[in-house]
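Student: Residue numbers (our numbering), protein chains in the order written: chain A, 1 to 273; chain B, 1001 to 1273.
Cβ atoms here follow ideal geometry from the backbone N, Cα and C, with glycine treated the same way.
These figures come from a predicted structure and were not determined experimentally.
Number of protein chains: 2
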Amino acid sequence: MTRTVFFISDSTGITAETLGSSLLSQFEQQKFEHVIVPYVDSIEKAQAAVEKIDRVAKESGEQPIIFDTLVNADIRAVIATSSGFIIDVLAHFLGQLETALGQKPSSTVGRVKNADRDARYKNRIDAVNFALDNDDGARINRYDQAQVILIGVSRSGKTPTCLYLALQTGVFVANYPLTEEDLEERRLPRPLAEYRDRLYGLTIEPERLSAIRSERRPNSPYASLRRCEDEVRDAEALFSRFGIPYIDTTHASVEEIATRILVETGLRGQRSQ
Amino acid sequence: MTRTVFFISDSTGITAETLGSSLLSQFEQQKFEHVIVPYVDSIEKAQAAVEKIDRVAKESGEQPIIFDTLVNADIRAVIATSSGFIIDVLAHFLGQLETALGQKPSSTVGRVKNADRDARYKNRIDAVNFALDNDDGARINRYDQAQVILIGVSRSGKTPTCLYLALQTGVFVANYPLTEEDLEERRLPRPLAEYRDRLYGLTIEPERLSAIRSERRPNSPYASLRRCEDEVRDAEALFSRFGIPYIDTTHASVEEIATRILVETGLRGQRSQ
């Protein structure tokens, strides 16, 4: 039986859903239907949400679960009248933080805006543009501005990883595809030579690589298992020869790959907020 | 006085940091230093984290705050020996969910892997590739596969929004830049005509647009305020004439823009998990 879960927020709902999904993944036998209700910033919208929750409760005969990150007490009070099981994400921890910090929380609806946050946001967007400009070795003259340069064979996961890092953390990441020619020469491609300490390698199991490439170009030499095996072997040999750290992306998500890179390069260890 | 906040996780730390940042933003007078400690999946790593926390506590004379999303009880017990103020994110809510669902949570470290999740992940990566292939009107023959087509003048925010939607939600989004020629013709660009119901417009204040364009091409006609004003006015007129919904991106983050689009197009209302 599928249980309906509502994520109710006065903003995007991303915090509620991130936490909620993580918690729900601990209940493996249960199937969940997610309903995200963002921008609940008025009594009217809260009442509409309650109607929806009550309708689901009635139709399914099961109590819906509600993850609520509403800040405004009046709006929260409306949600509390629903027949759902409410998990009040903020209230519990805000009380704890008030104790720890010896300060009262402000009750701003949504996210606080300030110059600091705007600057960080601009940095993220600049990093996305940088990643796109420096994707696939397209404009190799800006490597001096890169904090990390991802290298790997075609379709080893460089581009999604770059974009994730840029969007989420504002790190400037370029990427360079190792071509067959690069690999045959058994040395670092010329544009990378002076940035050796910023290089990070991606590798992948040849079978998986062949499957990914086959989706793009079925039955091509490019997608053949033989060629994938050769390229991956040569790329890993190159990483070892030049002491370039690398990660196998076969079973890792972009979140996992990005986190490893940030930790190993020291870029995530610490940042101010 | 800056307070140090640790986010400790057996996985990427993304859940801990998302929730923590949201909570901390409620304490506006306080400055925080974020330290993310991911992949704490052994007693040894937990002990290393405790040493780090205790060092910060001693050096700063302030009790660090710890957001902990560890699942393993033994590892959590080690963190509990630190001198930090611990906010145990999962334990509190897992207990509540256990009550609501009448089931015990599993205690898998990290995220549960299953075929369902793999399929969703593949969909996200496919959506990123689709967004890149269909960026800036590059390959307009795949619009039939797009769930949404973002349109707007150059640098109105189309590309970061597309990439965010793809990476986070797996929605297939293309984008099409409205050129001066398109705008002068006062009709929908030919490649878009048959997909009118999938179009979503982005607009932006001319002053902001001019500032963004000036970073790319300083003192160019392209970046001039006059030209930005003309383009924005014509784009908004086009949206109105053809009944295309649109959003002003000037003061909105990609998260906010993406959420609005998902809600208004009905793509986010509901999804299974």
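Anything in the segment 34 to 61 of chain A with a Cβ closer than 8 Å to a Cβ of chain B? List those residues in chain order, please.
Tutor: H34, V35, I36, P38, Y39
Student: By the DSSP assignment, the beta strand (DSSP E) with P991(B) in it spans what residues?
Tutor: Absent from the model: residue 991(B). The displayed extent of chain B is 1001 to 1273, so no value can be given.
Student: Taking C-alpha atoms, which residue in I244(A), F27(A), T81(A), Q145(A) lies nearest to G1095(B)?
Tutor: F27(A)
Student: Please report the distance separating the alpha-carbon of K1033(B) from that of D182(A).
Tutor: The sequence given here has Glu at residue 1033(B), not Lys. Distance between the alpha carbons of E1033(B) and D182(A): 42 Å.
Student: Kindly list the residues whose CB is nearer than 7 Å to the CB of F1172(B), restricted to its own chain and excluding five residues on each side of it in sequence; keep chain order.
Tutor: Closer than 7 Å at the Cβ level, and outside the excluded window around F1172(B), lie A1127, F1130, Q1145, A1146, Q1147.
Student: Chain B beta carbons: is any one of them nearer than 8 Å to that of A73(A)?
Tutor: No, no contact with chain B.
Student: Where do the N-terminal and C-terminal ends of the alpha helix (DSSP H) with I261(A) fall, by residue?
Tutor: 254 to 264
Student: V1035(B) and T1004(B) - do their beta-carbons sit closer together than 8 Å?
Tutor: yes
Student: Alpha carbon to alpha carbon, how far is R260(A) from D248(A)? Give it in angstroms, no decimals.
Tutor: 11 Å
Student: So what does E1247(B) bridge to, in DSSP terms?
Tutor: According to the sequence displayed, residue 1247(B) carries Ile and not Glu. Answer is L1202(B).
Student: What are the boundary residues of the beta strand (DSSP E) that includes T1274(B)?
Tutor: Past the edges of chain B, shown from 1001 to 1273, lies residue 1274(B), and the structure says nothing about it.
Student: Which residues bound the alpha helix (DSSP H) around F1093(B)?
Tutor: 1089 to 1101
Student: In three-state terms, what does DSSP make of Y222(A)?
Tutor: When DSSP states are grouped into helix, strand and coil, Y222(A) belongs to the helix group.
Student: Counting pairs of Cβ atoms below 8 Å between the segment 68 to 85 of chain A and the segment 39 to 51 of chain A, do you hit three or more?
Tutor: yes
Student: Verify whether the separation of the beta carbon atoms of G152(A) and G201(A) is less than 8 Å.
Tutor: Their beta carbons are under 8 Å apart, which means G152(A) touches G201(A) by this criterion.
Student: For the alpha helix (DSSP H) that contains L1178(B), what are its first and last residues?
Tutor: Here L1178(B) belongs to no alpha helix (DSSP H); instead the beta strand (DSSP E) covers 1173 to 1178.
Student: Between the Cα of A1016(B) and the Cα atoms of R1055(B), I1066(B), I1053(B), which residue gives the shortest distance?
Tutor: I1066(B)
Student: Taking Cβ positions only, does R1003(B) come closer than 8 Å to chain A?
Tutor: yes
Student: Does L1262(B) pass the burial test, meaning 16 or more other C-beta atoms within 10 Å, or should it be called exposed?
Tutor: Looking at its Cβ environment, which holds 16 or more other Cβ atoms inside 10 Å, L1262(B) is buried.
Student: Taking 8 Å as the threshold (beta carbon to beta carbon), is A100(A) in contact with chain B?
Tutor: Judged by the 8 Å Cβ criterion, A100(A) is in contact with chain B.
Student: How would you label T161(A), buried or exposed, when you count the other beta carbons within 10 angstroms and need 16 or more for buried?
Tutor: buried
Student: Would the beta-carbon of N175(A) fall within 8 Å of that of L150(A)?
Tutor: yes
Student: Here's a check: name, in chain order, each residue in its chain whose Cβ is nearer than 6 Å to the Cβ of L1163(B), leaving out the five neighbours to either side.
Tutor: For L1163(B), where only same-chain residues beyond five positions count, the Cβ hits under 6 Å are A1131.
Student: Using the C-alpha atoms, what's the distance from L188(A) back to F242(A)?
Tutor: The C-alpha of L188(A) is placed about 8 Å away from the C-alpha of F242(A).
Student: Please name the residue, chosen from E51(A), L199(A), F93(A), that lies closest to V37(A) on a Cα-to-Cα basis.
Tutor: E51(A)
Student: State the DSSP-derived secondary structure class of K58(A), mapped to helix, strand or coil.
Tutor: Helix.
Student: Quick one: which residues of the segment 1153 to 1187 of chain B get their C-beta closer than 9 Å to a C-beta of chain A? List them in chain order.
Tutor: G1157, T1159, P1160, L1163, Y1164, A1166, L1167, Q1168
Student: Is K1031(B) helix, strand or coil when you go by DSSP?
Tutor: strand
Student: Would a check of beta-carbon distances place L1245(B) closer than 8 Å to chain A?
Tutor: The residue asked about is misnamed: residue 1245(B) is Pro in this sequence, not Leu. So no, P1245(B) is outside the interface.
Student: So for G1152(B), helix, strand or coil by DSSP?
Tutor: strand
Student: Starting from D74(A), trace the alpha helix (DSSP H) in both directions and tell me its first and last residue.
Tutor: In the DSSP assignment, D74(A) falls within the unbroken alpha helix (DSSP H) covering 73 to 79.
Student: Enumerate in chain order the residues of its own chain whose CB-to-CB distance from Y39(A) is below 6 Å, with the five nearest sequence positions on each side excluded.
Tutor: Closer than 6 Å at the Cβ level, and outside the excluded window around Y39(A), lies no residue.
Student: What is the DSSP secondary structure of D1068(B), counted as helix, strand or coil?
Tutor: strand
Student: I'd like the list of long-range same chain contacts for K31(A), defined as Cβ closer than 8 Å, with 5 residues on each side in sequence excluded.
Tutor: Cβ within range, chain order: M1, T2, R3.
Student: Classify E1231(B): buried if its beta carbon has 16 or more other beta carbons within 10 angstroms, exposed otherwise.
Tutor: buried
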